[in-house]
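What follows is one structure encoded as structure tokens, with my remarks underneath.
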Amino acid sequence: MKKVMLVAAVAALAATAAQAGALVDPIVEPEIIVEQSSSSSNAGIIVPLIFLALVGVGVFCAVNTTIC
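Sequence positions in the sequence shown follow mature numbering (1 follows the signal peptide of the UniProt record, and there is no 0) and run -20 to -1, 1 to 48.
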């Protein structure tokens, strides 16, 4: 009787594992890539260069008053 119960329990476990489902491709969410767009203008370097040029002209005119 114990052997019959053991065989029945093993058969029940094997049957539930066999009916677990079919192989299905896993659902993989796409990786989100955030790319920062760069602007085509070089205002970040042009504005300080213009400022330095104006300061240079101001210093030059302060030293040489005959030209300015």
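Using N, Cα and C, we set each Cβ at its ideal position, and we do this for glycine too.
For residue j and residue i, the rounded distance between their alpha carbons
i, j, result
"residue 27", "residue 13", "32 Å"
"residue 44", "residue 36", "12 Å"
"residue 9", "residue 29", "47 Å"
"residue 31", "residue 47", "21 Å"
"residue 108", "residue 11", "In the structure displayed, the chain extends from -20 to 48; residue 108 sits before or after that span and is not available."
"residue -17", "residue -11", "10 Å"
"residue 34", "residue 24", "17 Å"
"residue -9", "residue 15", "54 Å"
"residue 3", "residue -14", "27 Å"
"residue 39", "residue 17", "39 Å"
Three-state secondary structure (DSSP) of residue i
i, result
"residue -20", "coil"
"residue 35", "helix"
"residue 13", "coil"
"residue 3", "coil"
"residue 120", "Residue 120 lies beyond the stretch modelled for the chain, which goes from -20 to 48, so this question has no answer here."
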